[in-house]
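**Q** What follows is a single structure, and I will ask about it in a moment.
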Amino acid sequence: MARVVLLAAAAVASVASAWAETFPSRPVTMLVAFPPGGPADVLARAMQPAMAKALGQPMVIENLPGAGGALAVQRMLSRPADGYTLIMGSPNEAILAPLSNASAKYKPEELALLAPISSHPLVVMARNDLPYGSLEELIAATRKPGAQSLSFGSPGHGSMYHIVSEYLAQATGARLLQVPYKGATPMLQDLVGQQIDITILPNLGASIQLLESRKIKALEVLDTRRMPTLPEVPAITESGIARKSEFVHSVWLAVMARAGLPDDRARVLLAASQQAIQSPEMAKALAQSGVQPMKPQPLAESARFYADETAKFKKMARSIQLAAQ
730 MARVVLLAAA AVASVASAWA ETFPSRPVTM LVAFPPGGPA DVLARAMQPA MAKALGQPMV
790 IENLPGAGGA LAVQRMLSRP ADGYTLIMGS PNEAILAPLS NASAKYKPEE LALLAPISSH
850 PLVVMARNDL PYGSLEELIA ATRKPGAQSL SFGSPGHGSM YHIVSEYLAQ ATGARLLQVP
910 YKGATPMLQD LVGQQIDITI LPNLGASIQL LESRKIKALE VLDTRRMPTL PEVPAITESG
970 IARKSEFVHS VWLAVMARAG LPDDRARVLL AASQQAIQSP EMAKALAQSG VQPMKPQPLA
1030 ESARFYADET AKFKKMARSI QLAAQ
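Letter 254 of the sequence shown, counting from 1, is numbered 983 in the working numbering, and no numbers are missing.
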């Protein structure tokens, strides 16, 4: 009887080992939570050839926009934690959507960060005729007795940019009034048209051209150092703003999977992702997108980073009393 049990156990172990060694044995899908042409889509497609080669299987890019990115996350979470469905994730859909969107029926902890790809600091942008040369001046002016509130554009309730703006106002005592928009494009148009005073966004896409053509101006980079693309704009740590370390924020992109993915498969996907990130196609895409590549790191470090980011944004959401809508 004991011998039968041992033989059965050996057979199970053999099957499990073979299952692990043959991963992946079919195409892997990479979900993108936004329409084609955006930063997440561009980087996912740049990774596609090298990652497919490293995995030995095709990699399919599937765009699934909607609900602030929650639709794509929920699609991934509806499938097994087997590594065959991944997502090009950011804080917006992974962490913030379930905190602000009542239709997002998941928790940030249901996702796992496998491989960080890029990071881009947020920038405080203002209409051209705003009579302040820095964020510090702006905050001081709105705190004066009798001063009127300044308006800030938000490209979506509960987005990273909305939460950071509200938290900045609360923590500094600045009088700022949110003007919500359905996306960044109409918001930037109103900033150019001087219908709103400021907004906080990463310097990507349309904002790069608007800043270069001086149709809007940058007041501060919410980072510990100046950006190479905006060398004349001070970093938040150069200012005299109190609690300034709380206002260092970057939007990141990373290859993410469903939590509970077996370690051996996570290691295979990490190695393939890192190989793809170092490919010539990816280097070109990163340079053209204006984003900063993040350093490769082991799975444990990525898990700590994601846990820290989740805790940070949950704290900010509670502080501003963010309500799911």
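Cβ atoms here follow ideal geometry from the backbone N, Cα and C, with glycine treated the same way.
Note that the structure is a prediction, hence the values are computed from the model and not measured.
Would you list the residues sitting across from proline 963 in a DSSP beta bridge?
**A** Proline 963 is not bridged to any residue.
**Q** If you compare alpha carbons, which of Ser863, Val980, Leu933 is closest to threonine 1039?
**A** For threonine 1039, the nearest C-alpha among the options comes from Val980.
**Q** Can you tell me where the alpha helix (DSSP H) with isoleucine 868 in it begins and where it stops?
**A** Here the alpha helix (DSSP H) through isoleucine 868 covers 864-871.
**Q** Going by beta-carbon coordinates alone, are threonine 953 and valine 977 separated by less than 7 Å?
**A** Contact flag set, yes.
**Q** When the Cβ atoms of the segment 988-998 are set against those of the segment 825-833, are three or more pairs found closer than 8 Å?
**A** Touching, no.
**Q** Going by beta carbon distance, what residues of the same chain come within less than 7 Å of isoleucine 824, once the five residues before and after it are set aside?
**A** The residues are Pro837, Glu1038, Thr1039, Phe1042.
**Q** Can you tell which of Ser1018, Ser1008, Leu760, Ser1002 has its C-alpha closest to the C-alpha of proline 845?
**A** Measuring from the Cα of proline 845, the nearest candidate turns out to be Ser1002.
**Q** If you drop the 5 nearest sequence neighbours on each side, which residues of the same chain put their C-beta closer than 6 Å to that of isoleucine 929?
**A** Closer than 6 Å at Cβ, skipping near neighbours: Leu851, Val853, Tyr890, Val893, Ser894.
**Q** For alanine 1046, does the three-state DSSP call read helix, strand or coil?
**A** In the structure shown, alanine 1046 sits in a helix (DSSP, three-state: H, G or I).
**Q** Per DSSP, what kind of secondary structure is arginine 755 in: helix, strand or coil?
**A** In the structure shown, arginine 755 sits in coil (DSSP, three-state: anything other than H, G, I, E or B).
**Q** As a quick exercise: from Glu1010, Pro1009, Ala1005, Lys1044, pick the residue whose alpha carbon is nearest that of proline 1025.
**A** That would be Ala1005, whose Cα lies nearest to the Cα of proline 1025.
**Q** Using the DSSP secondary-structure output, state which residues sit across from serine 878 in a beta bridge.
**A** Its beta-bridge partners do not exist; DSSP assigns none.
**Q** What runs of the beta strand (DSSP E), each 3 residues or longer, lie entirely inside the segment 974-1040?
**A** Entirely contained in the segment 974-1040, the beta strand (DSSP E) runs reaching 3 residues are, in chain order, 979-987.
**Q** Would you please state the rounded distance, in angstroms, between the beta carbons of valine 771 and serine 1018? I believe it to be under 8 Å.
**A** With 8 Å as the limit, valine 771 and serine 1018 qualify as a contact, their Cβ atoms being about 6 Å apart.
**Q** Going by Cα to Cα distance, which pick from Tyr835, Pro794, Asn792, Ala826 is closest to serine 807?
**A** Comparing Cα-Cα distances from serine 807 to each of Tyr835, Pro794, Asn792, Ala826, the minimum goes to Tyr835.
**Q** With respect to the alpha helix (DSSP H) encompassing proline 827, which residues constitute its N-terminal and C-terminal limits?
**A** Element bounds for proline 827: 826-829.
**Q** Can you tell me whether DSSP reads alanine 855 as helix, strand or coil?
**A** Reduced to three states, the DSSP call for alanine 855 is strand.
**Q** Does the Cβ-Cβ distance between alanine 898 and alanine 986 come in under 7 Å?
**A** No. Outside cutoff.
**Q** Please check the pair alanine 935 and threonine 914, which I expect to be a contact at CB under 8 Å, by giving their CB distance rounded to whole angstroms.
**A** 7 Å between Cβ atoms; contact.
**Q** Among Leu948, Gln786, Thr901, whose alpha-carbon lies nearest the alpha-carbon of valine 997?
**A** Considering only alpha carbons, the answer is Gln786.
**Q** Under 6 Å Cβ to Cβ from alanine 810, same chain only, skipping five residues before and after it: list those, please.
**A** Counting only Cβ-Cβ distances below 6 Å, and skipping sequence neighbours, we find Arg987, Gly989, Leu990.
**Q** Indicate the three-state DSSP secondary structure (helix, strand or coil) for histidine 849 in the structure shown.
**A** In this structure, histidine 849 counts as strand in the three-state DSSP scheme.
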